[in-house]
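Those protein sequences? They're chains A and B, same order as listed.
Everything in the first sequence is counted per the working numbering, starting at 43 for the first residue and increasing by one.
Everything in the second sequence is counted per the working numbering, starting at 43 for the first residue and increasing by one.
We treat Cβ as the ideally placed atom computed from N, Cα and C, and that holds for glycine.
Just so you know, these numbers come straight off a predicted model, no measurement behind them.
The structure appears below as structure tokens.
2 protein chains.
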Amino acid sequence: MAAWGERLAGVRGVLLDISGVLYDCGAGGGRAIAGSVEAVARLKQSHLKVRFCTNDSQKSRGKLVGLLRRLGFDISEDEVTSPAPATCQILKERGLRPHLLIHEGVRSEFDEIDTSNPNCVVIADAAEGFSYQNMNKAFQVLMELENPVLISLGKGRYYKETSGLVLDVGAYMKALEYACGIEAEVVGKPSPEFFKAALQAIGVEAHQAVMIGDDIVGDVGGAQRCGMRGLQVRTGKFRPSDEHHPEVKPDGYVDNLAEAVALLLQHAHK
Amino acid sequence: MAAWGERLAGVRGVLLDISGVLYDCGAGGGRAIAGSVEAVARLKQSHLKVRFCTNDSQKSRGKLVGLLRRLGFDISEDEVTSPAPATCQILKERGLRPHLLIHEGVRSEFDEIDTSNPNCVVIADAAEGFSYQNMNKAFQVLMELENPVLISLGKGRYYKETSGLVLDVGAYMKALEYACGIEAEVVGKPSPEFFKAALQAIGVEAHQAVMIGDDIVGDVGGAQRCGMRGLQVRTGKFRPSDEHHPEVKPDGYVDNLAEAVALLLQHAHK
């Protein structure tokens with residue numbers, strides 16, 4: 043058992059990344075990571091509060107949860123913090139009408155949003171939707187605005203599909219930022235507001251919480267900057283070079299979610 | 043006549059950008075900018091040395107020159123400095139075997155390059171070739187290299203087609219840089235080596251030369267950093283906000299190439 047397990051003392055709440063921790067997405071819906079279905083079940087039977095905190099912006103919460111339930115996970119929509127609903131709230135509050143560069147799978151989250159005569163661009167993980175034509179359209183909308191606003195659902199660099207690593211929304215966000223000479227507003231991890239919303243949902247303070255993710259920067263580094271602890275799993279997009287990251291030092295590394303949960307259940311109550 | 047015309051005294055050589063200065067590219071080959079065909083002819087009949095210095099990486103020099111000649115321009119292949127031949131020289135010198143993310147129109151420039159078992163990625167203005175699939179392939183090649191090398195043919199943010207502004211290679215270069223955590227090597231403007239190669243071809247020193255372009259940063263700013271003078275034309279991708287650029291102050295603005303040439307012929311000999 044890892045010596046740093048002691049650092050989990052006093053944890054009351056757990057934020058779980060989904061892609062790369064619970065499952066690897068991909069064709070046919072993806073596949074559960076070995077041991078993760080059981081680990082989630084153990085965690086939810088324990089005294090610890092659990093919240094799923096994802097940057098997945100390719101699927102509506104309904105679709106994501108449906109997919110995970112088919113893979114065997116005990117999860118419901120109201121346990122998930124994801125960027126699309128948070129973005130809709132921001133759009134409404136600020137009277138923004140977005141041009142949407144998003145995946146069809148998440149479009150239903152924006153059903154109630156006015157998209158006429160756009161005064162901003164919202165970009166999410168559009169995957170195949172990141173065509174040259176669609177990128178040009180988003181670029182042209184931004185260039186025609188006096189004060190261009192670009193909202194990005196997460197800024198992940200890449201993630202793992204069952205077929206291999208693929209580009210995430212952050213890469214395309216950077217392309218538009220550079221072309222337009224602007225800086226995007228990021229909704230999702232590692233934005234502190236996003237982590238705080240997830241913690242509020244389970245009534246846990248940052249210093250009592252741990253984030254478990256496969257993204258050394260977005261999950262682990264982001265959580266630590268908010269005062270949480272952060273564990274990196276060696277599944278999903280994890281790469282051996284992450285263990286020598288120049289800036290982010292996780293509170294611990296675990297082979298997978300199953301090991302993380304075993305450590306938590308041993309040490310968190312202390 | 044512009045008061046700053048005096049600043050053109052002593053000019054012996056002229057570097058001309060092509061897209062946005064000579065013509066606007068687009069469907070059906072694009073169209074010449076009014077007055078530019080005659081302006082090039084006047085310039086070449088004068089005592090001034092002329093070199094075409096383009097970041098166009100979508101077409102081979104042969105195709106580009108053929109297109110311009112059909113539009114009426116007096117131009118030949120050996121008068122053009124463009125990034126593809128410069129890149130091929132670098133690849134050969136350093137024993138690099140590229141994965142090519144390029145437009146079909148420029149592929150012939152790379153005919154003699156070994157692309158087996160790639161140990162670098164070369165990215166050019168691939169236009170429609172910037173699909174999610176092709177971007178992922180380039181990303182994956184880079185991520186599998188121990189020392190990833192990304193060479194970008196220019197780093198333009200956007201350019202003008204007859205249909206409007208479209209993203210240039212620089213935006214996609216930034217996407218790959220961010221995703222891989224690396225910095226690309228740029229071959230083309232505003233790289234000093236590239237400008238120097240163009241000046242050498244006409245035997246003119248930087249302080250005796252002026253660059254005329256529509257890109258405030260890549261053409262004008264890049265040339266000035268090399269000790270040349272730089273004029274911006276109000277054609278092509280020019281936008282009124284360029285006249286208040288926070289960093290680059292051109293030696294002068296002209297409405298188009300015709301005005302630039304008129305000023306040059308009046309003042310350069312002084």
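Chain B within 8 Å of residue i, Cβ atoms only
{"i": "A/F172", "result": "yes"}
{"i": "A/G206", "result": "yes"}
{"i": "A/K231", "result": "no"}
{"i": "A/A226", "result": "no"}
{"i": "A/K105", "result": "no"}
{"i": "A/G212", "result": "yes"}
{"i": "A/Y220", "result": "yes"}
{"i": "A/E301", "result": "no"}
{"i": "A/V262", "result": "no"}
{"i": "A/M43", "result": "Since pLDDT at A/M43 reaches only 47, below the 50 mark, its modelled position is unreliable, and no value is offered."}
CB contact check: residue i to chain A, cutoff 8 Å
{"i": "B/Q182", "result": "yes"}
{"i": "B/G255", "result": "no"}
{"i": "B/Y201", "result": "no"}
{"i": "B/M270", "result": "no"}
{"i": "B/K216", "result": "yes"}
{"i": "B/A169", "result": "yes"}
Residue i: contacting residues in chain B (beta-carbon distance under 7 Å)
{"i": "A/K291", "result": "Result: empty, since nearest Cβ-Cβ is about 17 Å, beyond 7 Å."}
Per-residue burial, residue i [other beta carbons within 10 Å of its own, 16 or more giving buried]
{"i": "B/K198", "result": "Residue 198 of chain B is actually Gly in this sequence, not Lys. Its Cβ being crowded by 16 or more others within 10 Å, B/G198 is buried."}
{"i": "A/M43", "result": "Reliability fails at A/M43, whose pLDDT of 47 lies under 50, so the model's placement of it is uncertain and no value is given."}
{"i": "A/K216", "result": "buried"}
{"i": "B/G245", "result": "exposed"}
{"i": "B/R93", "result": "buried"}
{"i": "B/A51", "result": "exposed"}
{"i": "B/N178", "result": "buried"}
{"i": "B/P288", "result": "exposed"}
{"i": "B/P292", "result": "buried"}
{"i": "A/H145", "result": "buried"}
{"i": "B/H89", "result": "exposed"}
{"i": "A/T157", "result": "exposed"}
{"i": "B/P282", "result": "exposed"}
{"i": "B/A226", "result": "buried"}
{"i": "B/D261", "result": "buried"}
{"i": "B/S194", "result": "buried"}
Option nearest residue i by Cα separation, candidates the options
{"i": "A/G230", "options": "A/E48, A/L50, A/D59 and A/G52", "result": "A/D59"}
{"i": "A/G263", "options": "A/P234, A/S283 and A/K279", "result": "A/P234"}
{"i": "B/D297", "options": "B/T277, B/V290, B/S283 and B/H287", "result": "B/T277"}
{"i": "B/D98", "options": "B/L85, B/G55, B/V163 and B/Y201", "result": "B/Y201"}
{"i": "B/V259", "options": "B/S205, B/F236, B/V82 and B/P232", "result": "B/P232"}
{"i": "B/F115", "options": "B/K86, B/E225, B/F181 and B/C268", "result": "B/K86"}
{"i": "B/T96", "options": "B/I254, B/S88, B/L133 and B/P190", "result": "B/I254"}
{"i": "B/I75", "options": "B/L299, B/H311 and B/Q250", "result": "B/L299"}
{"i": "B/L218", "options": "A/G77, A/D153 and A/G212", "result": "A/G212"}
{"i": "A/H311", "options": "A/Q250, A/L184 and A/D153", "result": "A/Q250"}
{"i": "A/S205", "options": "A/A45, A/R267 and A/G68", "result": "A/G68"}
{"i": "B/D66", "options": "B/F237, B/L106 and B/N161", "result": "B/L106"}
{"i": "B/S124", "options": "B/S158, B/E135 and B/R103", "result": "B/R103"}
{"i": "A/E154", "options": "A/A169, A/A166, A/V290 and A/G137", "result": "A/G137"}
{"i": "B/P190", "options": "B/A169, B/C130, B/A221 and B/L207", "result": "B/A221"}
{"i": "A/L209", "options": "B/L207, B/L209, B/V183 and B/I193", "result": "B/V183"}
{"i": "A/L142", "options": "A/L305, A/G72, A/Q100 and A/Q274", "result": "A/Q100"}
{"i": "A/G223", "options": "A/S118, A/L192 and A/L207", "result": "A/L192"}
{"i": "B/K134", "options": "B/G147, B/I117, B/C162 and B/L110", "result": "B/C162"}
{"i": "A/S185", "options": "B/K279, B/G71, B/H309 and B/R271", "result": "At residue 185 of chain A the sequence reads Met, which differs from the Ser that was named. Looking at the Cα atoms, B/K279 is the closest of the given residues."}
{"i": "A/A45", "options": "A/V303, A/L307 and A/G294", "result": "A/G294"}
{"i": "B/G77", "options": "B/H309, B/A304 and B/R49", "result": "B/A304"}
{"i": "B/H61", "options": "B/A302, B/G72 and B/N159", "result": "Checking the sequence, you will find Ser at residue 61 of chain B rather than His. With distances taken between Cα atoms, B/S61 lies closest to B/G72."}
7 Å Cβ cut-off: residues of chain A touching residue i
{"i": "B/N178", "result": "V208 and L209"}
Residue i Cβ short of 7 Å to the ligand SAH heavy atom set
{"i": "A/Y220", "result": "Among the ligands in the structure shown, none appear at all, so the ligand SAH cannot be discussed."}
Complete beta strand (DSSP E) runs within the stretch 198 to 226 of chain B (minimum length 3 residues, chain order): Within the stretch 198 to 226 of chain B, the runs of beta strand (DSSP E) at least 3 residues long that lie entirely inside it are, in chain order, 200 to 203 and 206 to 209.
Of all the alpha helix (DSSP H) runs that stay within the bounds of the stretch 226 to 294 of chain A, which reach a length of 4 or more residues? Here the runs fully enclosed are 234 to 244 and 264 to 267.
What are the complete beta strand (DSSP E) segments, minimum 3 residues, inside the stretch 67 to 98 of chain A? Note on the stretch 67 to 98 of chain A: whole beta strand (DSSP E) runs with a minimum of 3 residues are 91 to 95, in chain order.
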